[in-house]
Amino acid sequence: MKKAKLIALLVLVIVFGIFAGCSNNSESNNDANSDAESKSADADGTLELRLGHIFPVDSVKDRAANMFAERIEEETNGKIKITVYPASQLGGDEVMAKDISRGTLDMSFINQGSLAGLDP
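Mapping of the sequence shown onto the numbering used here: residues 0 to 119, in sequence order.
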């Protein structure tokens with residue numbers, strides 16, 4: 000009887016070990032994913048995102064980015080806030096595209112030609 004209980008216990012430990020090893024656990028992902036996940040809502044429930052672009056301040060695209068940020072904040076009652084970084088403050092298109100793939104930048108207006116040399 001003791002052997003049967005021991006065997007049953009070992010089988011349960013092995014089964015739970017298999018499930019734990021095969022689960023899609025975010026802790027085992029790379030740093031970029033953990034950075035992106037750490038962007039979850041703050042203690043007060045607000046999510047702060049960053050949007051970068053290469054266009055000059057007060058250009059049509061900069062105004063559109065700011066209007067987008069304002070609209071998102073209005074529609075979510077302030078739960079999502081987007082900070083716009085114009086005029087290549089966060090780097091050029093290639094740098095921002097890589098930052099997005101790394102999870103260190105949330106959004107950007109990127110020219111299609113700049114994506115040709117990138118390998119995701």
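Glycine included, C-beta positions come from ideal geometry on N, C-alpha and C.
These numbers come from a predicted model, not from an experiment.
The shortest CA-to-CA distance from E93 to any of V56, L114, G51 and I81 is the one to L114.
Per the DSSP secondary-structure output, M106 pairs in a beta bridge with L50. Listed in chain order, the non-local C-beta contacts of N76 below 8 Å within the same chain number zero, local neighbours out to five positions each way being set aside. Rounded to whole angstroms, I79 and N110 show a C-alpha spacing of 25 Å. Sixteen is the threshold: when 16 or more other Cβ atoms of the shown chains lie within 10 Å of the Cβ of L50, as they do, the residue is buried.
In this structure, DSSP gives K60 a helical state, which the three-state scheme calls helix. For L46, the closest C-alpha among the options D105, R62 and L117 is that of D105.
DSSP, reduced to helix, strand and coil, places K80 within a strand of the structure shown. In this structure, I53 and G91 form a Cβ contact; the two beta carbons are roughly 6 Å apart against a cut-off of 8 Å. Boundaries of the alpha helix (DSSP H) harbouring S100: D92 to R101, taken from the DSSP string.
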